[in-house]
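**Q**
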Amino acid sequence: MDVRFSAQGYVGNKVAVFPLQLLGFDVDPILSVQFSNHTGYPSFQGSVFDGSHLQSLVQGLAANQLLGGYSHLLTGYIGSLTLLEAVVETVEALQAANGGAVTYVCDPVMGDEGRLYVPAALVDAFRLKVVPLAAVLVPNQFEAELLAQTGPITSVASGLKACQALHALGPHTVVITSMSMAEDPEHIILLASTLQPQANGLQCLTLRIPRIHAYFTGTG
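Mapped onto this note's numbering, the consecutive letters of the sequence shown carry residue numbers 1 to 220.
#1: Using 8 Å as the Cβ pair cut-off and three pairs as the minimum, do the stretch 197–215 and the stretch 172–189 touch?
#2: Could you name the residues that DSSP lists as bridge partners for Gly46?
#3: Where do the N-terminal and C-terminal ends of the beta strand (DSSP E) with Leu195 fall, by residue?
#4: Take Thr75 as the anchor and find which of Gln65, Thr39 and Val91 has the nearest alpha-carbon.
#5: Have a look at Ala165, Val156 and Asp28 and flag the residue whose alpha-carbon is nearest the alpha-carbon of Arg127.
#6: Can we say the stretch 77–90 touches the stretch 113–132, given the rule of at least three CB pairs closer than 8 Å?
#7: Would you kindly work out how many angstroms separate the C-alpha atoms of Pro29 and Asn13, rounded to a whole number?
#8: Considering Cα atoms alone, identify which of Leu66, Ser178 and Val136 is closest to Ser155.
#9: From which residue to which residue does the beta strand (DSSP E) around Leu207 run?
#10: Starting from Tyr104, follow its DSSP beta bridges and name the residues at the other end.
#11: Less than 8 Å between CB atoms is the rule here; does Gln65 satisfy it with respect to chain B?
#12: Taking the DSSP output, what are the residues bridged to Ser180?
#13: Identify which residue in Tyr10, Glu145 and Gln59 has its Cα closest to the Cα of Pro108.
#14: Looking at C-alpha atoms only, which residue of Met110, Val33 and Thr103 is the closest neighbour of Ser6?
#15: With H, G and I counted as helix, E and B as strand and the rest as coil, what does DSSP make of Leu169?
#16: Compare the Cα-Cα distances from Ser80 to each of Val123, Gly40 and Ala93 and report the closest residue.
#17: The alpha helix (DSSP H) spanning Lys14 covers which residue range?
The structure is reproduced here in structure tokens:
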């Protein structure tokens with residue numbers, strides 16, 4: 001797992017590891033950044049780890065023959081281009097060590113509500129290098145628009161169009177985690193789409209979640 005950590009609040013590894021452990025996963029967390037607080041606040045302090053940090057950890061695992069046996073990889077906030085490139089190398093190394101059986105779940109944390117949290121250069125790098133390696137992609141509305149390049153998502157129909165474009169890049173399952181629709185201002189809509197055959201024949205679903213009219217930073 002390669003995600004962020006903030007000293008204040010609950011984002012990244014502070015909220016991801018414990019629920020996964022409760023679900024029975026044996027989690028090996030790796031930090032991509034360590035910040036004072038979520039980057040959605042007016043300011044923050046801390047460090048973004050570069051690609052060499054991740055590479056050294058993976059090399060240490062490989063030297064002790066510990067790369068085998070992984071079933072899943074989850075990535076979140078990636079704050080630098082060198083780290084993103086190291087993530088690509090890590091995915092490829094894990095797949096090679098596990099016969100291509102690793103399910104890569106990518107949360108392409110780049111921004112929200114029209115604002116980027118990361119350098120603009122990472123958008124194309126995510127789209128061209130990372131997304132094609134993912135089995136499951138979980139962007140928010142803004143991130144889905146950036147990656148799909150199908151225009152603004154203003155309805156379930158345009159959300160499905162974005163999902164189809166994202167499927168074409170590689171992931172078999174896409175979950176747009178939070179869509180705001182002018183036609184339904186009282187709800188946040190989650191849209192999920194999968195190319196994998198389902199027992200009931202369904203390939204898409206939507207969930208309408210009651211909206212709380214307040215601003216929260218870092219809630220996902």
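Note that beta-carbon positions come from the ideal geometry of N, C-alpha and C, so glycine has one too.
**A** Based on what the coordinates show:
#1: yes
#2: Phe35
#3: Element bounds for Leu195: n/a, residue is neither H nor E.
#4: Val91
#5: Ala165
#6: yes
#7: Near 7 Å, if we compare the C-alpha coordinates of Asn13 and Pro29.
#8: Ser178
#9: Cys204 to Pro210
#10: Assignment of beta-bridge partners to Tyr104 by DSSP yields Leu73.
#11: Among the protein chains of the structure shown there is no chain B, as only one such chain exists.
#12: Ile188
#13: Glu145
#14: Val33
#15: The DSSP-derived three-state label of Leu169 is helix.
#16: Out of Val123, Gly40 and Ala93, Val123 has the C-alpha closest to the C-alpha of Ser80.
#17: That run of the alpha helix (DSSP H) goes Asn13 to Leu22.
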